[in-house]
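The numbering used here applies: residue 1 is where the sequence shown begins, and numbers increase by one. We put the beta carbon where it would ideally sit given N, CA and C, even for glycine. All of these numbers come straight from a predicted model, not from anything done at the bench. I have placed the structure first, in the form of C-alpha cells, so that the comments after it can refer back to it.
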Amino acid sequence: MSDFRQRALDYHAYPTPGKIRVELSKPADSVDDLALAYSPGVAEPCREIAEDPNAAYTYTGKGNMVAVISNGTAILGLGNLGPLASKPVMEGKALLFKRFAGLDSIDIEVKHRTTEEFINTVANIADTFGGINLEDIKAPECFEIEQELIKRCKIPVFHDDQHGTAIVTAAGMLNALEVQGKTIEDAKIVCMGAGAAAVACMELLIKCGAQRERIYMLDRKGVIHTRRDDLTPHKMLFANNTDKRTLEDVMEGADIFVGVSGPDLLPPEALALMAPNPIVFACSNPDPEIKPEVALATRSDIIMATGRSDYPNQVNNVLCFPFIFRGALDVRATAINDEMKVAAVEALRAISKEPVPEVVLKASKSDSLSFGKDYIIPKPMDPRLCARIAKAVAQAAIDSGVARLDVVPEYK
C-alpha cells in the first residue's frame, strides 16, 4: 500500500470516522433550555411556519443548509461505484461548503431503480434545505435530473460537475485568451469529451461569446458531426457540419483544446498542429489528457491548465461552487440561472488580475504570482473569493428576478 493511500485512509478513519458532524447552535444545558429547544417551546415556531412557510428561514437552519446529493453513478474518475461508495466524496463536498463559505451541509446518497425515482426522492425532501448540490451523476441522466428538479423545487438546484467546472473553465479561458491576444468570438475550439462537464463548458463559453459552429466536440467515436445517427439530444447540440472526423483533423489550426475525457488522450503530434499561442485545458483528473511537461516541451507558446493542484492554473470547482451557493442562499434565490453563472465568471476573472495577498502566496508556496501565462485563475485558498463571488451572484439573482430578498449582504 502506498504511503499516500494509507495517509488518505487514515485521514478519513481517525480520530473519528468521516469528515463532517453536527454541532449545536443553541444552548442545551438546563431544563429551561430544553423547554425552549423542544417541548413545549418548539411548538411556537412550528405554528409560525405553518402560517407562513418563509418563516422557516427565520426559525430553522434551512437558509444556511445545502444538501449534497448523489446516486454514485459517476464518482470522480472511478465510474459507477454505487451510492454508498460516493459518501466520502459527498462528505468532502460538505466539508468544502463549510470551510470556504460557512454553509452547513449534509450528504445524501440515494438508491433508486429509475431516474424518476431519484427525481421524486430529491423533490420530496427539497423543502428541508436552502439549496441542493447534485454531484457525481452520470450523463445523460444528469441533464434530465437537474432540469426536472429545477422545475419542481423552489430552491436552487445546481449540478456542480456541469456548471462549477464550466464557470471556472470559462473564467480561466477568457483570461488565457486575453493573455494570448485572442478573442473568444474568433477562437476555434476543440472539446475532447461529450459528457456533462463538456456540454456545460461549451454552452457557457457560447454564452460568453464563442461561436457554436467553431466548436468541434469529440466522443469515443471521434468528431460529433451532423451525419452521425447515434447522437443523444445533448450531443446533437454540438453536431458540426464538417468532413473532419479525427482529433488530428480538428486540431489543425485550433486555438483552444478543452479536455474532459481521460488521461494521455492528446498526443504531442496533435498539439503541434494547433495555431500559434494555443490554450490547453487538460482537465481529466488525476491524470490530464497531456502532461504539462510534455505539452510545454512540444509548444513553448502554450498556456496550460489542468485539474491538479501541483501545476499552475488549476481548474478546480472549489473556486466557485461554495460562493455561488453563499450568494444564492443569502438572497433566497429560487434558482441559479445563467446570469448568476456569468457573474461568477466575471468575478473570478477580475480577482485574477489584482495583486495577490501574501497569505495566498504563502499557502501556495509561491514567491510571487501575477496575471499571465502561469496565473489565469485564482488559487482556491484566496480569501477574496467568498465575498467577491457571493456578492456578484447575489446581485445577479436580484437583477434577474430570482431573488426573494432585494438586499445584498455586506460580505467581509
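Taking the alpha-carbon positions, what's the residue i to residue j distance?
{"i": "P355", "j": "A275", "result": "31 Å"}
{"i": "P140", "j": "R228", "result": "18 Å"}
{"i": "I303", "j": "A347", "result": "21 Å"}
{"i": "I145", "j": "E135", "result": "11 Å"}
{"i": "S370", "j": "T60", "result": "43 Å"}
{"i": "E116", "j": "V122", "result": "10 Å"}
{"i": "N313", "j": "S30", "result": "53 Å"}
{"i": "L78", "j": "A210", "result": "31 Å"}
{"i": "I310", "j": "L81", "result": "Checking the displayed sequence, the identity of residue 310 turns out to be Asp instead of Ile. Using only the alpha carbons, I get a separation of about 27 Å."}
{"i": "H112", "j": "L84", "result": "12 Å"}
{"i": "Q26", "j": "V342", "result": "As written in the sequence, residue 26 is Lys, which differs from the Gln given in the question. K26 and V342: Cα-Cα distance of roughly 38 Å."}
{"i": "T246", "j": "V157", "result": "36 Å"}
{"i": "A396", "j": "R404", "result": "12 Å"}
{"i": "D32", "j": "C142", "result": "48 Å"}
{"i": "G164", "j": "A344", "result": "10 Å"}
{"i": "M217", "j": "H234", "result": "11 Å"}
{"i": "E109", "j": "P15", "result": "24 Å"}
{"i": "A194", "j": "S261", "result": "8 Å"}
{"i": "I49", "j": "L36", "result": "16 Å"}
{"i": "F337", "j": "S2", "result": "Reading off the sequence shown, one finds Asn at residue 337, where the question assumed Phe. So the two alpha carbons sit approximately 43 Å from each other."}
{"i": "C386", "j": "V68", "result": "19 Å"}
{"i": "L9", "j": "I132", "result": "28 Å"}
{"i": "F479", "j": "R332", "result": "Not covered by the structure: residue 479. The range shown for the chain is 1 to 412."}
{"i": "Y11", "j": "G18", "result": "9 Å"}
{"i": "S400", "j": "T334", "result": "11 Å"}
{"i": "K365", "j": "E269", "result": "33 Å"}
{"i": "P328", "j": "E148", "result": "The sequence shown places Ala at residue 328, rather than the Pro named in the question. The straight-line gap from Cα to Cα measures roughly 19 Å."}
{"i": "E213", "j": "N240", "result": "6 Å"}
{"i": "K412", "j": "D219", "result": "44 Å"}
{"i": "V22", "j": "L34", "result": "18 Å"}
Using DSSP bridges, identify the partner residues of residue i.
{"i": "R225", "result": "Contrary to the premise, residue 225 reads as His rather than Arg in this sequence. Per DSSP, N240."}
{"i": "A67", "result": "I106 and I132"}
{"i": "F418", "result": "Residue 418 cannot be examined here, being either before or after the span of the chain that is shown, 1 to 412."}
{"i": "I215", "result": "I189"}
{"i": "G79", "result": "I75"}
Please state whether DSSP places residue i in a helix, a strand or coil.
{"i": "Y311", "result": "coil"}
{"i": "V408", "result": "coil"}
{"i": "Y11", "result": "helix"}
{"i": "F158", "result": "strand"}
{"i": "T306", "result": "strand"}
{"i": "G372", "result": "strand"}
{"i": "C201", "result": "helix"}
{"i": "K26", "result": "coil"}
{"i": "G195", "result": "coil"}
{"i": "P233", "result": "helix"}
{"i": "R245", "result": "coil"}
{"i": "R326", "result": "helix"}
{"i": "A210", "result": "coil"}
{"i": "R152", "result": "helix"}
{"i": "N316", "result": "coil"}
{"i": "R349", "result": "helix"}
{"i": "P88", "result": "helix"}
{"i": "G401", "result": "coil"}
{"i": "R5", "result": "helix"}
{"i": "K98", "result": "helix"}
{"i": "A139", "result": "coil"}
{"i": "M381", "result": "coil"}
{"i": "E178", "result": "helix"}
{"i": "T183", "result": "coil"}
{"i": "V356", "result": "coil"}
So the candidates are the options; which of them puts its Cα closest to the Cα of residue i?
{"i": "R388", "options": "M340, K207, V402 and L205", "result": "M340"}
{"i": "L391", "options": "R228, P322, N313 and E293", "result": "Note that residue 391 is Lys in the sequence shown, not Leu. Measuring from the Cα of K391, the nearest candidate turns out to be P322."}
{"i": "V393", "options": "Q211, I167 and G222", "result": "I167"}
{"i": "P278", "options": "I155, L103, L177 and H234", "result": "L177"}
{"i": "V89", "options": "G102, S70, F100 and K98", "result": "S70"}
{"i": "T128", "options": "L231, D104 and V42", "result": "D104"}
{"i": "L265", "options": "N64, A200, V331 and M192", "result": "M192"}
{"i": "D382", "options": "Y375, A328 and L319", "result": "L319"}
{"i": "A413", "options": "K353, I75, K379 and A197", "result": "It is not possible to answer for residue 413, since the shown part of the chain is limited to 1 through 412."}
{"i": "K244", "options": "G222, F238 and D230", "result": "G222"}
{"i": "A200", "options": "L237, P40 and E51", "result": "L237"}
{"i": "L273", "options": "C283, P288 and D255", "result": "D255"}
{"i": "I20", "options": "R212, G92, D330 and I189", "result": "G92"}
{"i": "P409", "options": "A350, V402, D330 and R152", "result": "D330"}
{"i": "I324", "options": "N64, R47 and A13", "result": "N64"}
{"i": "L174", "options": "T58, R47 and G372", "result": "G372"}
Start-end ranges of the beta strand (DSSP E) lying completely within the segment 101-128, minimum 3 residues = Within the segment 101-128, the complete beta strand (DSSP E) runs of at least 3 residues fall at 104-109.
Taking only runs that begin and end inside the segment 259-304, name each unbroken beta strand (DSSP E) of 3 or more residues, in chain order.
-> For the beta strand (DSSP E) assignment, the uninterrupted runs of no fewer than 3 residues enclosed by the segment 259-304 are, from N- to C-terminal side, 279-282.
Could you tell me which uninterrupted alpha helix (DSSP H) segments, each at least 4 residues in length, are contained entirely in the segment 31-77, listed from first to last along the chain?
-> Those alpha helix (DSSP H) runs which fall completely within the segment 31-77 and span 4+ residues are 31-37, 43-51 and 56-59.
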